[in-house]
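Enquirer: Here the protein sequences come in this chain order: D and F.
Mapped onto this note's numbering, the consecutive letters of the first sequence carry residue numbers 167 to 487.
Mapped onto this note's numbering, the consecutive letters of the second sequence carry residue numbers 12 to 423.
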Amino acid sequence: MSTAVAPETEKSGKDHRKGSKPVVSDRTSAENRLGLKLVAPAVVLMLLVTAYPMLQALYLSLFRYRLTAPDDRAFVGVDNYLTILSDDQFWLSTGTTVLIMVVTVAVELVIGFAFAMVMHRIVFARGLMRTSILIPYGIITVVSAFAWQFAFSLNNGFVNAWFSWLPWIAEDTNWFGDYWHAMFAIMVSEIWKTTPFMALLLLAGLAQVSEDMLEAAKVDGATWWQRLTKVILPNMRAAIMVAVLFRALDAYRIFDNIFVMTKGAEGTQSISFLTYRQVIEQMQLGLGSAMSVLLFLSVLLLAWLIVKLFRVDLAQARGEG
Amino acid sequence: MAALALASSLLAACGGDSGTPELVWYINPDSGGQDAVAEKCSTDDYTISTQVLPQDAGQQRIQLARRLAAKDPEIDLMSLDPPFTAEFADAGFLAEVPQDAREQLEQQGTFQGALDAATWNDKLVVFPFWSNTQVLWYRKSFVEKAGIDMSQPVTWDQIIDAASENGGKIGVQANKYEGYVVWINALVEGAGGTILENPEEGVDAEITLGDEAGQKAAGIIEKLASSEAAPADLSVSNEGTAGSTFGSDQGSFLVNWTYIFKNYDETAPDVAKDIGYTRYPQTVEGEESRPPYGGIGIGVSAYSDDQELALEAAQCLVDPESQGINADLTGNMPASTEGYEYEALQETFPADLLELFQTSVDAAAPRTVTPYWSDVSGSIQNIWHPPRSVDDETPERSTTFIEDVLKGGDLL
């Protein structure tokens, strides 16, 4: 059975628009000018609150500048970047961050899809069910991080007590005492918190899958598994990719869980946490700004990679295609 | 109490300059000692209200430093941890203590260690308020079972062996935080060494942690971490969890600050009766131990709108009676001999314990006074944590790392 994808009816129209420049009437161009004027205040505001701090960070990153020794400020060019890029900790933290991103997004995709199916198909207590699935996402990350830290805590947690029948968990397992245990705890907290978000995005995709096509597949004798892999998944590819993109970027910037649970001990510090340590803890505005610039660039790179690799069409996902 | 303080500060924020000026004192969390002192020292000329800082000393530093760097006039008085005093003074955040206040502090017998920790570039920059130190707490029943004579000075080796052989766990502070460096510093100083020399050189100070004393310190941490006496939560232990370990059935020895003595009165009266105390353990047998030095000094912000009043208020906040009231309520011991004479204090604590506190403060080894302490401390935490990873190469590795971090060649 071949893959069934809904036809993209407007494709030809789009190509036409791109191909030749349409003639613009006076009225349209006047409307366009008015549009620009109307949107200008918002653009100026955006530039003020986003572009200005970014440029400021870029500027600061070229200095040796420490908040508690302001007189010691000096221009050092790209030295800060060289320091960071030649530092083991930077690469170790990047590795840890990527690991967290890959594992959590993969797990969340699977669980989130299951949740989305439940939310989509459920017939009774629909509102209640959807609400309860979404609750974790409504909880502040710091709060959920503390809750999970207490759960895994050696002194007052329940994880050791409940799961000590498993061969690798003992009554006195110190979950924050080594890399893998700590990473597990951090990822559990992260997954618990953001799976509902993933489910929500996937639910939107599921709703777009045409019931007619599913009907037709059923009539053709497709099994449940075939309907899933040949009809449902291909038709919600755009939604899946958007969900993966959003969550991957989010996960790459993980901070709260690590800050609360381990404070970066046992090598669990993420790239955001390392940046926090330079800017906030050490008050190294120069070095820290350089780190934030690198963090920004890596997020940008990541977004580009995902969009290119998976050929996500954001416009199509929003239903504008 | 906290609600009251919050309400009053909100009122002040709304009320503006009507009535008496309000001095805002940023305090570290405690069990009401500083609030009581603030109330006592409020006069017709000004009222002192308190605002609570985070629990963690490092976070206290960050909050204060960031606001002071922005020249925030809303901070008048602040409770400062000694290791960060130099950094704040060097950055020009603190008003100098006036001569008459200095004389008062000397008159009331302020401990030399407290004055040293409050001084930067030969200027007194904070008012020593309370001076804390650690002693070795032990369970009387446990040492009886283990058969150790606690009337003589004991060494770390001795207590680790005794605890391992008798199923006890030793409570220390070894999470990745300032408290762990407090322990490391005490071990190094106890072996006659120091973490760094020539702190006035700033980033060019000489790091001496890799010397023999550092090796001794690493040896003790390695021994404890790999012994039966290491609690399961060693790598995340702080003052509180170490206290819980001590109060449990496996409790044997504990190094902790003075306030822990009152910790078990209500929750575990049996444990409270079983507590013994003696001088901090020796790093090297026969060489006097150097207990950790902690405490709080009160700094006056250089950017305060009411600096004169704040300096006057600070003088009252650290008078012997205030120190006594605070010590009685919180167990954080006074920074002066006259403070120790406060009557209620004599009733709350046994006389021999008060004496032990004073001799310990006298012998205490403060962490080196340098504006770069947070870098030094952070670097040590990076390399020496977790405790089970400590071996004989650790001190040397941390020396190189501290040097790199100070010179800006390495991330922290």
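Backbone N, C-alpha and C fix where the C-beta goes; we use that ideal spot for every residue, glycine too.
Here the structure is a predicted model, which is why all the values come from computation and not from measurement.
1) Please check if any C-beta of chain D sits within less than 8 Å of the C-beta of Gly420 (chain F).
2) Does the CB of Met427 (chain D) have a neighbour CB from chain F at under 8 Å?
3) Relative to the alpha-carbon of Leu367 (chain D), which residue among D:Phe256, D:Val308 and D:His286 has its alpha-carbon at the smallest distance?
4) Is there at least one Cβ from chain F nearer than 8 Å to Met449 (chain D)'s Cβ?
5) Among the residues of its own chain, which have a CB less than 6 Å from the CB of Ala291 (chain D), if the five just before and after it don't count?
6) Let me know if His199 (chain D) comes out buried or exposed under the rule of 16 or more other beta-carbons within 10 Å of its beta-carbon.
7) Who are the neighbours of Arg230 (chain D) on chain F, taking C-beta pairs under 8 Å?
8) If you measure beta-carbon to beta-carbon, which residues of the stretch 228 to 254 of chain F are closer than 7 Å to chain D?
9) Taking 8 Å as the CB-CB limit, is Asp83 (chain F) close to chain D?
10) Tell me the residue span of the beta strand (DSSP E) that contains Lys234 (chain F).
11) By Cβ distance below 8 Å, which residues in the same chain neighbour Asn11 (chain F) in space, the five residues on each side in sequence not counted?
12) From Tyr225 (chain D) to Gln115 (chain F), what does the alpha carbon distance come to, in whole angstroms?
13) How far does the beta strand (DSSP E) with Asp238 (chain D) in it reach, from first residue to last?
14) When DSSP labels each residue in this structure, what does Ser90 (chain F) get in the three-state scheme?
15) By the DSSP assignment, the beta strand (DSSP E) with Arg268 (chain F) in it spans what residues?
16) Tell me whether Val63 (chain F) sits in a helix, a strand or coil according to DSSP, three-state version.
17) Does Leu105 (chain F) pass the burial test, meaning 16 or more other C-beta atoms within 10 Å, or should it be called exposed?
18) Consult DSSP for Asn337 (chain F) and reduce its assignment to one of helix, strand or coil.
19) Quick check: the Cα distance between Phe140 (chain F) and Ala272 (chain D), rounded to an integer number of angstroms?
20) Between Lys134 (chain F) and Glu107 (chain F), which are expected to be in contact by the criterion C-beta below 8 Å, what is the C-beta distance as a whole number of angstroms?
21) Which whole-angstrom value describes the C-beta separation of Gly342 (chain F) and Thr269 (chain F), a residue pair presumed to lie in contact below a C-beta threshold of 8 Å?
22) Short of 7 Å Cβ to Cβ, which residues in the stretch 308 to 338 of chain D face chain F?
23) What span of residues does the beta strand (DSSP E) with Gly203 (chain F) cover, start to end?
24) Can you tell which of F:Arg78, F:Arg301, F:Gln261 and F:Val136 has its C-alpha closest to the C-alpha of Val282 (chain F)?
25) How many Å lie between Gly120 (chain F) and Ser300 (chain F) at the Cα?
26) Alpha helix (DSSP H) containing Thr361 (chain D): first to last residue?
27) What does the alpha-carbon distance come out to for the pair Ala327 (chain D) and Asn340 (chain D)?
28) Does the stretch 220 to 238 of chain F come into contact with the stretch 322 to 340 of chain F, if we say contact requires no fewer than three beta-carbon pairs (one atom in each stretch) closer than 8 Å?
29) Less than 8 Å between CB atoms is the rule here; does Gly343 (chain D) satisfy it with respect to chain F?
30) Quick one: measure Cβ to Cβ for Phe272 (chain F) and Leu364 (chain F), integer angstroms, because I've assumed they're closer than 8 Å.
31) Mind listing which residues of the stretch 171 to 187 of chain F have their C-beta closer than 9 Å to chain D's C-betas, in chain order?
32) Are the stretch 170 to 182 of chain F and the stretch 361 to 375 of chain F in contact at 8 Å, needing three or more beta carbon pairs?
33) Using a C-beta to C-beta distance shorter than 9 Å, which residues of chain F count as neighbours of Gln444 (chain D)?
34) Tell me whether Ala16 (chain F) is buried or exposed, calling it buried when 16 or more other Cβ atoms sit within 10 Å of its Cβ.
35) Can you give the Cα-Cα distance for Val309 (chain D) and Leu248 (chain D), rounded to whole angstroms?
36) Is the CB of Ile73 (chain F) under 8 Å away from at least one CB in chain D?
Expert: Taking the structure as given:
1) Position 409 of the second sequence, counting from 1, holds the residue named residue 420 (chain F). For Gly420 (chain F), the answer is yes, since a Cβ of chain D falls inside 8 Å of its Cβ.
2) Locating residue 427 (chain D) in the first sequence gives position 261, where the first residue counts as 1. Not an interface residue.
3) The sequence position of residue 367 (chain D) within the first sequence is 201, counting from 1. Of D:Phe256, D:Val308 and D:His286, the residue nearest in Cα terms is D:His286.
4) Here the question's residue 449 (chain D) lines up with position 283 in the first sequence. So yes, Met449 (chain D) belongs to the interface.
5) Counting from one through the first sequence, the residue named residue 291 (chain D) turns up at place 125. Cβ within range, chain order: n/a, list empty.
6) Numbered from its first residue, the first sequence carries residue 199 (chain D) at position 33. Note that residue 199 (chain D) is Arg in the sequence shown here, rather than His. Answer is exposed; the Cβ neighbour count stays below 16.
7) Here residue 230 (chain D) corresponds to residue number 64 of the first sequence, with the count starting at 1. The answer, in chain order, is Gly419.
8) Ala243, Asp244, Ser246, Val247 and Thr252
9) In the second sequence, counting from the first residue as 1, residue 83 (chain F) sits at position 72. No, its Cβ sits nowhere closer than 8 Å to a Cβ of chain D.
10) Position 223 of the second sequence holds residue 234 (chain F). Here Lys234 (chain F) belongs to no beta strand (DSSP E); instead the alpha helix (DSSP H) covers Glu223 to Ala236.
11) In this structure chain F extends from 12 to 423, so residue 11 (chain F) is not present and cannot be described.
12) Locating residue 225 (chain D) in the first sequence gives position 59, counting from the first residue. Locating residue 115 (chain F) in the second sequence gives position 104, counting from the first residue. If I take the Cα positions, the gap works out to 49 Å.
13) Walking along the first sequence from the start, residue 238 (chain D) turns up at place 72. Counting along the chain, the beta strand (DSSP E) containing Asp238 (chain D) begins and ends at Ala235 to Phe241.
14) Walking along the second sequence from the start, residue 90 (chain F) turns up at place 79. It is a strand residue.
15) Locating residue 268 (chain F) in the second sequence gives position 257, counting from the first residue. The amino acid occupying residue 268 (chain F) in the given sequence is Trp; Arg does not appear at that position. Here the beta strand (DSSP E) through Trp268 (chain F) covers Gly262 to Trp268.
16) Sequence index remark: in the second sequence, residue 63 (chain F) carries index 52 (1-based). Note: Val63 (chain F) maps to strand in three-state DSSP.
17) Counting from one through the second sequence, the residue named residue 105 (chain F) turns up at place 94. Buried, by the Cβ-count rule.
18) The residue labelled residue 337 (chain F) in the question sits at position 326 within the second sequence. Residue state, collapsed to three classes: helix.
19) Sequence index remark: in the second sequence, residue 140 (chain F) carries index 129 (1-based). Sequence index remark: in the first sequence, residue 272 (chain D) carries index 106 (1-based). Approximately 54 Å, taken between the alpha carbons.
20) Looking up residue 134 (chain F) in the second sequence gives position 123. Looking up residue 107 (chain F) in the second sequence gives position 96. Right, their Cβ atoms sit about 5 Å apart.
21) For this step, residue 342 (chain F) is matched to residue 331 along the second sequence. For this step, residue 269 (chain F) is matched to residue 258 along the second sequence. So it is a contact: roughly 6 Å between Cβ atoms.
22) Leu320, Asn321 and Asp338
23) Within the second sequence, the letter at position 192 stands for residue 203 (chain F). Careful: Gly203 (chain F) lies outside any beta strand (DSSP E) and carries neither H nor E.
24) As a first step, residue 282 (chain F) is located in the second sequence; it is residue number 271 there, counting from the start. Nearest option by C-alpha distance: F:Gln261.
25) On the second sequence, residue 120 (chain F) is found 109 positions in, with the first residue counted as 1. On the second sequence, residue 300 (chain F) is found 289 positions in, with the first residue counted as 1. Roughly 23 Å separates the two Cα atoms.
26) Residue mapping note: residue 361 (chain D) aligns to position 195 of the first sequence, counting from 1. Note, Thr361 (chain D): alpha helix (DSSP H), Tyr345 to Gln374.
27) Locating residue 327 (chain D) in the first sequence gives position 161, where the first residue counts as 1. Locating residue 340 (chain D) in the first sequence gives position 174, where the first residue counts as 1. Roughly 12 Å between the two C-alpha positions.
28) no
29) Start at 1 with the first residue of the first sequence, and residue 343 (chain D) comes out as number 177. Yes - at least one Cβ of chain F is within 8 Å of the one on Gly343 (chain D).
30) Residue mapping note: residue 272 (chain F) aligns to position 261 of the second sequence, counting from 1. Residue mapping note: residue 364 (chain F) aligns to position 353 of the second sequence, counting from 1. The pair is a contact, with the Cβ atoms about 7 Å apart (cut-off 8 Å).
31) Asn186 and Lys187
32) no
33) Locating residue 444 (chain D) in the first sequence gives position 278, counting from the first residue. Ordered by position in chain F, the residues that pass the 9 Å Cβ test against Gln444 (chain D) are Leu422 and Leu423.
34) One-based indexing of the second sequence puts residue 16 (chain F) at position 5. Because Ala16 (chain F) sits at a pLDDT of 48, beneath the cut-off of 50, its placement in the model cannot be relied upon, and the following sentence gives the value as read from the coordinates. That one is buried.
35) Working through the first sequence from its first residue, we reach residue 309 (chain D) at position 143. Working through the first sequence from its first residue, we reach residue 248 (chain D) at position 82. Computed Cα separation, rounded: 37 Å.
36) Taking the first residue of the second sequence as 1, we reach residue 73 (chain F) at position 62. True, the Cβ-Cβ gap to chain D drops below 8 Å.
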